[in-house]
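Which chain is which? The protein sequence lines are S, G, P and C, in order.
Here the first sequence stands for residues 13 to 105, numbered as in this note's numbering.
Here the second sequence stands for residues 13 to 105, numbered as in this note's numbering.
Here the third sequence stands for residues 13 to 105, numbered as in this note's numbering.
Here the fourth sequence stands for residues 13 to 105, numbered as in this note's numbering.
Glycine residues also receive a C-beta, built at the ideal position from the N, C-alpha and C atoms.
Everything numeric in this text was worked out from a predicted model, so none of it was measured.
Protein chains: 4
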Amino acid sequence: MNGYMANKEDLLARLKRAEGQVRGIARMVDEDKYCIDILTQVSAATRALETVALSLLADHLSHCVAEAAAEGGPVAAEKVREANDAIARLVRS
Amino acid sequence: MNGYMANKEDLLARLKRAEGQVRGIARMVDEDKYCIDILTQVSAATRALETVALSLLADHLSHCVAEAAAEGGPVAAEKVREANDAIARLVRS
Amino acid sequence: MNGYMANKEDLLARLKRAEGQVRGIARMVDEDKYCIDILTQVSAATRALETVALSLLADHLSHCVAEAAAEGGPVAAEKVREANDAIARLVRS
Amino acid sequence: MNGYMANKEDLLARLKRAEGQVRGIARMVDEDKYCIDILTQVSAATRALETVALSLLADHLSHCVAEAAAEGGPVAAEKVREANDAIARLVRS
Numbered sequence: 013m014n015g016y017m018a019n020k021e022d023l024l025a026r027l028k029r030a031e032g033q034v035r036g037i038a039r040m041v042d043e044d045k046y047c048i049d050i051l052t053q054v055s056a057a058t059r060a061l062e063t064v065a066l067s068l069l070a071d072h073l074s075h076c077v078a079e080a081a082a083e084g085g086p087v088a089a090e091k092v093r094e095a096n097d098a099i100a101r102l103v104r105s
Numbered sequence: 013m014n015g016y017m018a019n020k021e022d023l024l025a026r027l028k029r030a031e032g033q034v035r036g037i038a039r040m041v042d043e044d045k046y047c048i049d050i051l052t053q054v055s056a057a058t059r060a061l062e063t064v065a066l067s068l069l070a071d072h073l074s075h076c077v078a079e080a081a082a083e084g085g086p087v088a089a090e091k092v093r094e095a096n097d098a099i100a101r102l103v104r105s
Numbered sequence: 013m014n015g016y017m018a019n020k021e022d023l024l025a026r027l028k029r030a031e032g033q034v035r036g037i038a039r040m041v042d043e044d045k046y047c048i049d050i051l052t053q054v055s056a057a058t059r060a061l062e063t064v065a066l067s068l069l070a071d072h073l074s075h076c077v078a079e080a081a082a083e084g085g086p087v088a089a090e091k092v093r094e095a096n097d098a099i100a101r102l103v104r105s
Numbered sequence: 013m014n015g016y017m018a019n020k021e022d023l024l025a026r027l028k029r030a031e032g033q034v035r036g037i038a039r040m041v042d043e044d045k046y047c048i049d050i051l052t053q054v055s056a057a058t059r060a061l062e063t064v065a066l067s068l069l070a071d072h073l074s075h076c077v078a079e080a081a082a083e084g085g086p087v088a089a090e091k092v093r094e095a096n097d098a099i100a101r102l103v104r105s
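The structure is reproduced here in structure tokens:
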């Protein structure tokens with residue numbers, strides 16, 4: 013069971029919108045729109061993906077990591093390590 | 013004339029790939045893939061969009077802003093102000 | 013007991029260095045150094061603070077959050093929520 | 013002449029405050045304060061440095077880069093390339 017199960021429809025709707033945003037950016041480039049207006053849309057799409065990532069991570073900590081921690085042992089330590097690596101990738105991207 | 017004209021094909025190819033990445037993330041959510049693996053793909057898509065933004069911005073400074081600066085006057089000042097706002101949005105997103 | 017106890021000396025050493033970096037940046041501004049060289053040092057100091065944050069957060073998840081999760085109940089849920097908020101602030105800063 | 017000359021006092025005041033923030037974070041670690049409260053201060057210090065960077069960059073584009081662009085030639089191209097590299101470092105840090 014994945015932590016994001018309860019938010020699956022919401023996540024899929026957000027990703028659908030983000031996909032549409034990226035396609036819209038390509039259309040703007042294709043139609044030679046003004047650079048600054050394209051950049052505004054790229055910032056919006058980046059923020060949309062960031063929101064998806066934070067939502068996935070919050071669900072992951074609340075469920076998978078919390079449950080593993082409740083059981084303890086090496087699996088718990090590994091889940092925490094894995095979550096920390098994902099957070100570092102996110103902060104640095 | 014937009015600054016990114018010379019890189020248009022490259023930009024469109026990158027955006028096509030980024031769109032495919034976002035669609036791939038939605039598929040992973042739909043197929044209940046593991047949260048951490050999905051997060052890795054979200055970080056990759058975010059970085060891909062960031063590269064598009066930096067490329068657009070570099071072309072914009074090299075062409076539009078540099079040309080306006082060469083002419084001087086209020087248009088030049090406005091172009092620089094506009095670029096600075098876009099950079100701030102990018103750094104903060 | 014805070015999660016970072018075992019890394020306290022390392023954290024203090026990193027923060028001492030970061031403080032020195034920020035003081036160095038002020039000195040560069042005061043001595044009218046070249047903007048781009050100052051910006052390079054600001055990026056380095058920002059990255060140093062980011063590393064401190066990721067280290068604090070990793071220790072927090074490994075200790076405080078994992079221990080609260082092992083006990084369960086409303087305190088556990090609150091610790092996870094609090095960690096998620098801190099991660100969101102970090103990703104967006 | 014550096015672009016930030018007119019803002020020098022403001023930049024030095026901001027850097028002084030950022031230095032104090034980093035010293036305050038070290039004090040919190042030393043006094044075993046709660047991880048999440050320390051993280052809030054690290055995010056604030058990171059944002060303060062980001063504001064310094066955006067201010068330096070804006071002044072640099074408005075002055076050094078705009079003046080070089082007005083003169084044209086290889087120096088102008090080099091200034092723009094250098095600014096683009098600094099922006100990329102900032103966006104990725």
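Check: Using a Cβ-Cβ distance cut-off of 8 Å, determine whether residue 69 (chain C) contacts chain G.; Outcome: yes
Check: Using 8 Å as the limit for Cβ to Cβ distance, is residue 74 (chain C) near chain G?; Outcome: yes
Check: Going along chain P in order, which residues have a C-beta closer than 9 Å to the C-beta of residue 94 (chain C)?; Outcome: 48
Check: For chain P, find out if any of its Cβ atoms is closer than 8 Å to the Cβ of residue 81 (chain C); answer yes or no.; Outcome: no
Check: Taking C-beta pairs closer than 7 Å, name the residues in chain G that residue 42 (chain S) reaches, listed in chain order.; Outcome: 24
Check: With C-beta atoms as the reference, is residue 34 (chain S) less than 8 Å away from residue 30 (chain G)?; Outcome: yes
Check: If the criterion is Cβ atoms closer than 8 Å, does the pair residue 75 (chain S) and residue 95 (chain S) meet it?; Outcome: no
Check: What does the Cβ neighbour count give for residue 81 (chain P), buried or exposed, with the cut at 16 atoms within 10 Å?; Outcome: buried
Check: Could you check how far apart the C-beta atoms of residue 52 (chain G) and residue 101 (chain S) are, in whole angstroms? I think they sit under 8 Å.; Outcome: 7 Å
Check: Cβ closer than 8 Å: which chain G residues qualify as neighbours of residue 87 (chain S)?; Outcome: Near residue 87 (chain S) there are no residues of chain G at all, since even the closest Cβ is about 14 Å away, more than 8 Å.
Check: I'd like to know if residue 66 (chain C) contacts chain G, where contact means its C-beta is closer than 8 Å to some C-beta of that chain.; Outcome: yes
Check: Around the Cβ of residue 38 (chain S), are there at least 16 other Cβ atoms within 10 angstroms (buried) or fewer (exposed)?; Outcome: buried
Check: Please go through the same chain and pick out, in chain order, the residues whose beta-carbon is closer than 7 Å to the beta-carbon of residue 16 (chain S), but skip the five residues on each side of it.; Outcome: 23, 68, 71
Check: With DSSP run on the structure shown, which of helix, strand or coil describes residue 19 (chain G)?; Outcome: helix
Check: For residue 103 (chain G), would you say it is in contact with chain C, using Cβ-to-Cβ distances shorter than 8 Å as the test?; Outcome: yes
Check: At the 8 Å Cβ level, is residue 90 (chain S) part of the contact set with chain P, yes or no?; Outcome: no
Check: Is the separation between the beta-carbon of residue 105 (chain C) and that of residue 105 (chain P) shorter than 8 Å?; Outcome: no
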